Amino acid sequence: TAADFEKIRNEINVNPEIAAWHKKLIAKAESNLKTDVEIYEWGFQDNILTIAREFKEKMILYGYAWQITGDKKYPEAAWKEFESVCSFPDWNPDHSLDTGELLFGAAIGYDWMYDAFTPEQKKFIEEGTLKLGIEVIRSAYYGRLYTDNGQFTAPFGEGFATGNTNFNVVVNGGLTAAALAF
20 TAADFEKIRN EINVNPEIAA WHKKLIAKAE SNLKTDVEIY EWGFQDNILT
70 IAREFKEKMI LYGYAWQITG DKKYPEAAWK EFESVCSFPD WNPDHSLDTG
120 ELLFGAAIGY DWMYDAFTPE QKKFIEEGTL KLGIEVIRSA YYGRLYTDNG
170 QFTAPFGEGF ATGNTNFNVV VNGGLTAAAL AF
């Protein structure tokens, strides 16, 4: 919340440990400003997981930096990232971790930098996230498939909906964060 970020700003001035962490986070955000915008490109394991995780990290860092410093360069950089990822052909639901990570990044970026985006930018982000992430993952719950032994399997991906692996936590966590943010 705004109060949480205000508390952090105050702590930076009085707590050397918080100040040191702040300095590291801002340095990393600054470093990310010099990197290329994420593009849809398959990774070494036939997925876009690296891209999804880089996008998520950028959204967390840019959102933090914007909230603490108020410098518009961070939401401006975030917007360029959103323009790219919300224009992807898909968020690779066949490897649902990719979709979950992108959903979480979109949720944080949208929420933490909401006031910096124009109404048109917000609409673009909302529509892209809904189409490429929320609706795709949500459909797994409404397009349930059952095997001969009555066990549930997801219509795509690794069965994240009921599995007891990190897929469940990452995908459902990303979906929940996005549902709350949007």
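Following the numbering used here, the numbering of the sequence shown begins with 20 at its first residue and continues without gaps. Backbone N, C-alpha and C define an ideal beta-carbon position, used for all residues, glycine too. This structure is a prediction, so every number in the text was calculated from the model and none was measured.
Whole-number beta carbon distance between Leu116 and Val56, since they are thought to touch under 8 Å: Position 37 of the sequence shown holds residue 56. Position 97 of the sequence shown holds residue 116. Not a contact, Cβ separation roughly 21 Å.
As assigned by DSSP and simplified to three states, the class of Val56: Here residue 56 is taken as the residue at index 37 of the sequence shown, counted from 1. The answer is coil: DSSP assigns Val56 none of H, G, I, E or B.
Span of the alpha helix (DSSP H) around Gly152: Here residue 152 corresponds to residue number 133 of the sequence shown, with the count starting at 1. Gly152 -> no alpha helix (DSSP H), and no H or E assigned at all.
Under the three-state DSSP convention, the category Gln140 falls into: Stepping through the sequence shown from its first residue, residue 140 is reached at position 121. Note: Gln140 maps to helix in three-state DSSP.
Cutoff 7 Å; reference Asn66; Cβ partners in own chain excluding five residues on either side: Within the sequence shown, the letter at position 47 stands for residue 66. For Asn66, where only same-chain residues beyond five positions count, the Cβ hits under 7 Å are Asn111, His114, Asp117.
Cβ-based neighbour list, Ile45, same chain, cut-off 7 Å, excluding 5 preceding and 5 following: One-based indexing of the sequence shown puts residue 45 at position 26. Only Ala84 meet the Cβ criterion.
Reference Phe123; option with closest CA among Phe136, Val104, Thr137: Locating residue 123 in the sequence shown gives position 104, where the first residue counts as 1. Considering only alpha carbons, the answer is Val104.
Run of the alpha helix (DSSP H) containing Ile79, from where it starts to where it stops: The count along the sequence shown starts at 1 and reaches residue 79 at position 60. 68 to 88 is the span of the alpha helix (DSSP H), which, as asked, contains Ile79.
Distance CB(Ala39)-CB(Pro94) smaller than 9 Å: Translated into positions along the sequence shown, residue 39 becomes position 20. Translated into positions along the sequence shown, residue 94 becomes position 75. Result no, Cβ atoms of Ala39 and Pro94 do not sit closer than 9 Å.
Assumed close pair Ala126, Ala196 - CB separation to whole angstroms, cut-off 8 Å: The sequence position of residue 126 within the sequence shown is 107, counting from 1. The sequence position of residue 196 within the sequence shown is 177, counting from 1. Contact flag correct, Cβ pair sits at about 4 Å.
Residue span of the alpha helix (DSSP H) that contains Gly119, given as start and end: Translated into the one-based positions of the sequence shown, residue 119 becomes position 100. Counting along the chain, the alpha helix (DSSP H) containing Gly119 begins and ends at 115 to 131.
Spatial distance of Gln64 from Leu52 (CA atoms): To locate residue 64, count along the sequence shown from 1; it is residue 45. To locate residue 52, count along the sequence shown from 1; it is residue 33. Whole-angstrom Cα-Cα distance: 27 Å.
Buried versus exposed call for Tyr165 [16 or more other C-beta atoms within 10 Å across all chains shown]: Stepping through the sequence shown from its first residue, residue 165 is reached at position 146. Because Tyr165 carries a pLDDT of 47, less than 50, the predicted location of this residue cannot be relied on, and no value is offered for it.
Residues near Met132 by beta carbon distance below 6 Å, same chain, minus five either side: If you number the sequence shown from 1, residue 132 lands on position 113. So the qualifying residues of the chain are Gly82, Trp85, Pro94, Ala97.
Length of the line joining the Cα atoms of Phe74 and Val33: Residue 74 sits at position 55 when you count from the first residue of the sequence shown. Residue 33 sits at position 14 when you count from the first residue of the sequence shown. If you take the alpha carbons of Phe74 and Val33, they lie about 32 Å apart.
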